[in-house]
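Protein sequences appear in the order of chains A and B.
Be aware that the first sequence starts at 1, since it is given in the working numbering, and climbs by one per residue.
Be aware that the second sequence starts at 1001, since it is given in the working numbering, and climbs by one per residue.
Glycine included, every Cβ here is placed at the ideal spot set by N, Cα and C.
Here the structure comes first, spelled out in structure tokens, and everything after it is commentary.
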Amino acid sequence: MEHKIKRGVSAYSYNKVFGVSMDLDDIMQDICDTGATGIEILANSHIVKYPDVTDAWIDDWHQKLTHFKLEPAEYGHWVESRLYKGRELTTKESIAMLERDFKTANKLGFKVLRTKLGVIDDTLTPVSNWREFIKGALGLAEKYDVRMCPEIHSPTILDSRMIHDYVEFIEKENTEFFGLNIDFSIFQTGDNALVGFGENDFLGPPCEHSKVEELVPLLKYVYCCHAKFLRMDENFREVVIPYEEIIQTLIKHNWEGYLISEYEGAKAEVTGHASDQVKRHQIMLKNLLGK
Amino acid sequence: MLEKECIQSRGFKNTVVDQEVVGFQFDIRLMYYRGLWLSQIRSIHIKVDGEAVRLEDISWEINGKLYKQDELKEIGDIQWNVLEPASIHVNVLGGLTTGYHDIEVDYRFSSSYMPPNMDEVLSYGNHKRKLLLVS
């Protein structure tokens, strides 16, 4: 079936070996080798002197993209609401933090942002002034041609106050500069025990998950998906996330955009392990997408 | 390239100022996948050869600038980047003797996208290493 879904990889997947056995060039080469066409970087991981970004670094970035045949798919950044101990960022400070990243993302060629918001409780409810600073940044997002997408990640579920509030905001503002990034952790069906986490891996407490069909009415707000995976087996199957159903649903409903492989499983610090897992995941996506 | 351990073996030496050994220093890397605004760094505890170092004797050197712990909390526009180790300076007149020393470090930082009661959970970890000092 015809579709416009593209394959990408998040440089985050390699975070445990970044700077130890792989640099950004190595990561881009690895992504290129999978046949993926898009890359996600995290601003304050992969831009070496962040928040400073020189013209020379920007030139080099564009040359790398050309060399490795990749396009900028998503730019991860944060509104660090607890920047100062004992208080939350004001609306004005939050907008300034957003604008700094809009400018950088724009120079690097990114149009979709994974905008991570500070949270105030265990179900990851965003800070109380999120509407004010997102609304205050919509004009800037338009100016710099970027779309802010909070990441919908477990333990958040789709049938929740948070999603309701985001959708209500998008509809009320009638904006295309704020949308959603769906992280497939929210669809996990298998038990964490199948993943084989080690004692040093951070695991959230057990939580509720969403059904894939719940995504359908939200797809028009989704600009990007984090194709989260925790473990790919030797037969190129993800052991706890129902990929076949997810991808079939996206194709059937004509969703367009990047599926960004994001490895968050065990042994990520072992040389070559994340690279191998990403390759397995990309083989699975290629099979399910038909390209 | 970095060593995968938090405490790096490169950079461990006595600190000389105006021909006087005023202390010693060692490098640590950020055990986190993204850089931190300096004000996100919330605490540090150090032991050398089993003995705790007083907070007022510790300074952070980040991108070539020295900061006391108290100064970090106000700096929200400079980052400790992922690929750039921080040099930890400890004031102790005369520094350390030539030979092996046990270094222990525990530092904490805030992460706003975690629930408030887990604010510093991603920074948990007590890092230990035995390092050889020449001079």
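Opposing strand residues paired with residue i [DSSP bridges]
{"i": "W130/A", "result": "DSSP lists no partner for W130/A."}
{"i": "M97/A", "result": "Beta-bridge pairing links M97/A to no other residue."}
{"i": "T115/A", "result": "H77/A"}
{"i": "A227/A", "result": "S261/A"}
{"i": "Y243/A", "result": "Note: Y243/A sits in no beta bridge, so no partner."}
{"i": "C149/A", "result": "R114/A"}
{"i": "G1023/B", "result": "T1015/B and N1091/B"}
{"i": "Q1137/B", "result": "Since the first residue shown for chain B is 1001 and the last is 1135, residue 1137/B is missing from the structure and cannot be characterised."}
{"i": "V1105/B", "result": "I1046/B and H1127/B"}
{"i": "P72/A", "result": "I39/A"}
Neighbour list for residue i in chain A, Cβ cutoff strictly below 8 Å
{"i": "R1137/B", "result": "The shown model of chain B, from 1001 to 1135, leaves out residue 1137/B, and the question about it has no answer."}
{"i": "D1119/B", "result": "R82"}
Under 8 Å by beta carbon: chain B residues contacting residue i
{"i": "K64/A", "result": "Near K64/A there are no residues of chain B at all, since even the closest Cβ is about 16 Å away, more than 8 Å."}
{"i": "V42/A", "result": "Note that residue 42/A corresponds to Leu in the displayed sequence, not to Val. Simply Y1033 and R1034."}
Cβ-Cβ separation, residue j to residue i (assumed contact under 8 Å), whole Å
{"i": "H164/A", "j": "I186/A", "result": "Not really, about 15 Å apart at Cβ, beyond 8 Å."}
{"i": "Y75/A", "j": "L108/A", "result": "7 Å"}
{"i": "A227/A", "j": "I251/A", "result": "Not really, about 14 Å apart at Cβ, beyond 8 Å."}
{"i": "Y1100/B", "j": "K1073/B", "result": "The pair is not a contact, with the Cβ atoms about 34 Å apart (cut-off 8 Å)."}
{"i": "G19/A", "j": "L1038/B", "result": "Not quite, the Cβ-Cβ distance comes to about 19 Å (not below 8 Å), so this is no contact."}
{"i": "C1006/B", "j": "V1105/B", "result": "7 Å"}
{"i": "L124/A", "j": "T156/A", "result": "5 Å"}
{"i": "A43/A", "j": "T115/A", "result": "About 11 Å separates the two Cβ atoms, so there is no contact after all."}
{"i": "L215/A", "j": "T249/A", "result": "7 Å"}
Residue i: contacting residues in chain A (beta-carbon distance under 7 Å)
{"i": "G1076/B", "result": "L83 and Y84"}
{"i": "Q1079/B", "result": "N44, Y50 and P51"}
{"i": "S1039/B", "result": "L83 and Y84"}
Contact set between residue i and chain A, taken where Cβ atoms lie within less than 9 Å
{"i": "L1072/B", "result": "The contacting residues do not exist; L1072/B stays about 10 Å from chain A at best."}
{"i": "S1112/B", "result": "W78, V79, E80, S81, R82, L83, E88, L89, K116, L117, G118, V119 and V127"}
Burial state of residue i, where buried means 16 or more other Cβ atoms lie within 10 Å
{"i": "S128/A", "result": "exposed"}
{"i": "E80/A", "result": "buried"}
{"i": "E151/A", "result": "buried"}
{"i": "N181/A", "result": "buried"}
{"i": "E238/A", "result": "buried"}
{"i": "N287/A", "result": "exposed"}
{"i": "Y1124/B", "result": "exposed"}
{"i": "N1063/B", "result": "exposed"}
{"i": "E2/A", "result": "exposed"}
{"i": "T90/A", "result": "exposed"}
{"i": "S154/A", "result": "buried"}
{"i": "L285/A", "result": "buried"}
heavy atom of the ligand ZN below 6 Å from residue i C-beta
{"i": "G1011/B", "result": "You won't find the ligand ZN in this model; it holds no ligand whatsoever."}
Within chain B, the residues that residue i reaches when beta carbons sit closer than 7 Å
{"i": "F202/A", "result": "L1122"}
{"i": "G19/A", "result": "M1001, L1002, V1082 and L1083"}
{"i": "E74/A", "result": "Result: empty, since nearest Cβ-Cβ is about 15 Å, beyond 7 Å."}
Listed by chain order, chain B residues near residue i by CB distance under 9 Å
{"i": "D25/A", "result": "Under the 9 Å cutoff, chain B gives no residues; its nearest Cβ is about 13 Å from D25/A."}
Within 8 Å, do at least three Cβ pairs link the segment 188-206 of chain A to the segment 248-268 of chain A?
Output reads yes: the segment 188-206 of chain A touches the segment 248-268 of chain A.
With three or more C-beta pairs closer than 8 Å as the rule, is the segment 5-15 of chain A touching the segment 24-34 of chain A?
In short, these stretches touch, since the Cβ pair count reaches three.
Segment contact flag, the segment 171-181 of chain A with the segment 218-234 of chain A, C-beta cutoff 8 Å, min 3 pairs:
Three or more Cβ pairs drawn from the segment 171-181 of chain A and the segment 218-234 of chain A lie within less than 8 Å of each other, which places the two stretches in contact.
Are there three or more Cβ pairs, one per stretch, closer than 8 Å when the segment 167-175 of chain A is compared with the segment 189-199 of chain A?
Because the criterion of three Cβ pairs below 8 Å is not met, the segment 167-175 of chain A and the segment 189-199 of chain A do not touch.
Please determine if the segment 1001-1017 of chain B and the segment 43-63 of chain A are in contact, where contact requires at least 3 C-beta pairs separated by less than 8 Å.
No, the segment 1001-1017 of chain B does not touch the segment 43-63 of chain A.
Three or more C-beta pairs closer than 8 Å, one from the segment 54-68 of chain A and one from the segment 88-102 of chain A: is that the case here?
For the pair of segments examined, the segment 54-68 of chain A was found not to touch the segment 88-102 of chain A: the number of CB pairs separated by less than 8 Å stays below three.
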